[in-house]
């Protein structure tokens with residue numbers, strides 16, 4: 497049995513993380529850390545407002561860090577040094593140096609560190625990987641992903657996402673990180689990365705778009721383009737090879753097109769559940785951790801190489817109507 501302390505009780509925590517922990521048969525919720533203890537009452541566990549107190553007083557074996565990005569590194573390191581295993585929300589940290597310090601702390605303490613890049617656990621992605629390895633599209637040479645939507649926090653909803661000191665950046669951190677991680681998972685270590693970011697439409701202090709290009713150790717080149725200023729939503733993911741193409745569009749849907757036909761392979765109803773389940777197995781059974789601190793480090797490195805978020809090129813955007 498793995499007893500969990502959950503730090504942060506925001507939108508993702510209530511919709512996905514806590515339901516996943518409560519549903520996982522070898523997991524038990526041991527407590528919650530939140531600035532507003534009333535939010536934890538419905539779960540019937542003790543709530544702390546201070547992480548250090550929770551780490552010393554709770555019976556937890558593992559900590560789920562679900563706070564804004566600027567808290568990931570200090571809270572993860574504190575939990576690891578308190579002897580806890582940690583599953584942290586993405587992206588890993590504000591920057592590569594912070595992420596590296598998290599991984600170093602895991603190594604020094606001998607605790608397990610995972611990062612919640614749950615798309616690695618999509619059955620559709622596993623099937624695409626299987627098709628590539630079987631030669632269904634020849635040699636993979638290029639992959640592209642786009643995630644376009646409209647995000648403007650005028651009503652205050654998830655407003656922390658547009659604060660660079662809290663979130664690190666805009667869609668590069670929030671949505672590109674998932675797709676960069678998936679490219680690394682499918683095509684191997686990134687050897688070179690470059691990109692462009694700018695604030696084109698939204699009147700925000702972080703970029704509202706980012707384009708990232710990665711050269712992987714396998715020779716595959718991948719391209720990730722993310723935008724918060726598109727009224728036309730897109731969730732595209734394609735892999736091209738010398739003999740054909742795999743189309744996973746929409747990435748978050750069940751469809752998979754390949755040279756042999758079309759398949760419908762849905763993800764779990766709660767996409768965080770397989771991530772939590774895999775983490776529990778990694779801790780208790782020593783099985784492979786699909787999304788670890790070591791693998792997530794590569795995504796933070798690519799984000800760093802994409803550009804300096806403190807000097808985002810701005811086009812003097814006007815407030816949206």
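Residue numbers (this note's numbering): 497 to 817. Where a beta carbon is used, it is the ideal one built from N, C-alpha and C, also for glycine.
Quiz item: So, is residue 534 buried or exposed, given that buried needs 16 or more other C-beta atoms within 10 angstroms?
Solution: Position 38 of the chain shown holds residue 534. By the 10 Å Cβ count, residue 534 comes out exposed.
Quiz item: Do the stretch 742-761 and the stretch 688-699 touch if we need at least three Cβ pairs shorter than 8 Å?
Solution: Contact fails: fewer than three Cβ-Cβ distances are below 8 Å.
Quiz prompt | Proximity winner among 766, 755, 507, relative to residue 633 (alpha-carbon distances) | solution = Counting from 1 along the chain shown, the entry for residue 633 is found at position 137. Checking every option, the nearest Cα to that of residue 633 belongs to 755.
Quiz item: Can you list the alpha helix (DSSP H) stretches of 4 or more residues lying completely in the stretch 510-558, in chain order?
Solution: Within the stretch 510-558, complete alpha helix (DSSP H) segments of at least 4 residues are found at 514-519, 547-553, given in chain order.
Self-check item: DSSP three-state assignment for residue 816, whether helix, strand or coil
Solution: In the chain shown, residue 816 corresponds to position 320, counting from 1. Because residue 816 sits at a pLDDT of 46, beneath the cut-off of 50, its placement in the model cannot be relied upon, and the point is left open.
Quiz item: Looking at the unbroken beta strand (DSSP E) that takes in residue 721, where does it start and where does it end?
Solution: As a position in the chain shown, residue 721 is number 225, starting the count at 1. DSSP places residue 721 in the uninterrupted beta strand (DSSP E) bounded by 717-723.
Quiz item: Touch check for the stretch 616-634 and the stretch 716-723: three-plus C-beta pairs under 8 Å?
Solution: No, they do not touch.
Quiz item: Between the C-alpha atoms of residue 501 and residue 556, what's the straight-line distance to the nearest angstrom?
Solution: Locating residue 501 in the chain shown gives position 5, where the first residue counts as 1. Locating residue 556 in the chain shown gives position 60, where the first residue counts as 1. Rounded to the nearest angstrom, the two C-alpha atoms are 6 Å apart.
Quiz item: Name the DSSP bridge partner or partners of residue 581?
Solution: Numbered from its first residue, the chain shown carries residue 581 at position 85. Answer is 558.
Exercise. For my contact list, residue 644 and residue 726 are in at a C-beta cut-off of 8 Å; report their separation, rounded to the angstrom.
Key: Taking the first residue of the chain shown as position 1, residue 644 is located at position 148. Taking the first residue of the chain shown as position 1, residue 726 is located at position 230. 4 Å between Cβ atoms; contact.
Self-check item: Those runs of the beta strand (DSSP E) which lie wholly inside the stretch 687-769 and span at least 3 residues
Solution: List check, beta strand (DSSP E) in window: 705-712, 717-723, 725-737, 741-743, 751-754, 757-760.
Self-check item: residue 813 to residue 698 span [Cα, whole Å]
Solution: Counting from 1 along the chain shown, the entry for residue 813 is found at position 317. Counting from 1 along the chain shown, the entry for residue 698 is found at position 202. For residue 813, the pLDDT reaches just 49, beneath the cut-off of 50, and the residue's location in the model is therefore unreliable, leaving the point undetermined.
Practice problem: For residue 641, name the three-state secondary structure that DSSP assigns. | Solution: Against the chain shown, residue 641 aligns to sequence position 145. In the structure shown, residue 641 sits in a strand (DSSP, three-state: E or B).
Quiz item: Would residue 575 pass as a contact of residue 582 if the rule is Cβ separation under 8 Å?
Solution: As a first step, residue 575 must be located in the chain shown, where it is residue number 79. As a first step, residue 582 must be located in the chain shown, where it is residue number 86. It is a contact, given that the beta carbons lie within the stated cut-off.
Quiz item: Within 10 angstroms of its Cβ, does residue 805 collect 16 or more other Cβ (buried), or is it exposed?
Solution: Position 309 of the chain shown, counted from the first residue, corresponds to residue 805. At residue 805, the pLDDT of 47 sits below 50, so the modelled position is not reliable and the matter cannot be decided from this model.
Quiz item: Can you tell me where the alpha helix (DSSP H) with residue 657 in it begins and where it stops?
Solution: In the chain shown, the residue the question calls residue 657 occupies position 161. For residue 657, no alpha helix (DSSP H) encloses it, and the DSSP letter there is neither H nor E.
Self-check item: Status (buried if at least 16 other CB within 10 Å, exposed otherwise) for residue 781
Solution: Counted from its first residue, the chain shown places residue 781 at position 285. So residue 781 counts as exposed.
Quiz prompt | Residues bridged to residue 788 (per DSSP) | solution = In the chain shown, residue 788 corresponds to position 292, counting from 1. Residue 788 is bridged to 610.
Quiz item: By a C-beta neighbour count over all protein chains shown, 10 Å radius and 16 as the cutoff for buried, is residue 728 buried or exposed?
Solution: Counted from its first residue, the chain shown places residue 728 at position 232. Residue 728 should be labelled exposed.
Quiz item: Given 8 Å as the limit, is there contact between the stretch 544-559 and the stretch 785-805, that is, 3 or more CB pairs closer than that?
Solution: Touching, no, given that fewer than three Cβ pairs across the two stretches are closer than 8 Å.
Quiz item: For residue 650, which of helix, strand or coil comes out of DSSP?
Solution: The count along the chain shown starts at 1 and reaches residue 650 at position 154. In the three-state scheme derived from DSSP, where H, G and I count as helix and E and B as strand, residue 650 is classed as coil.
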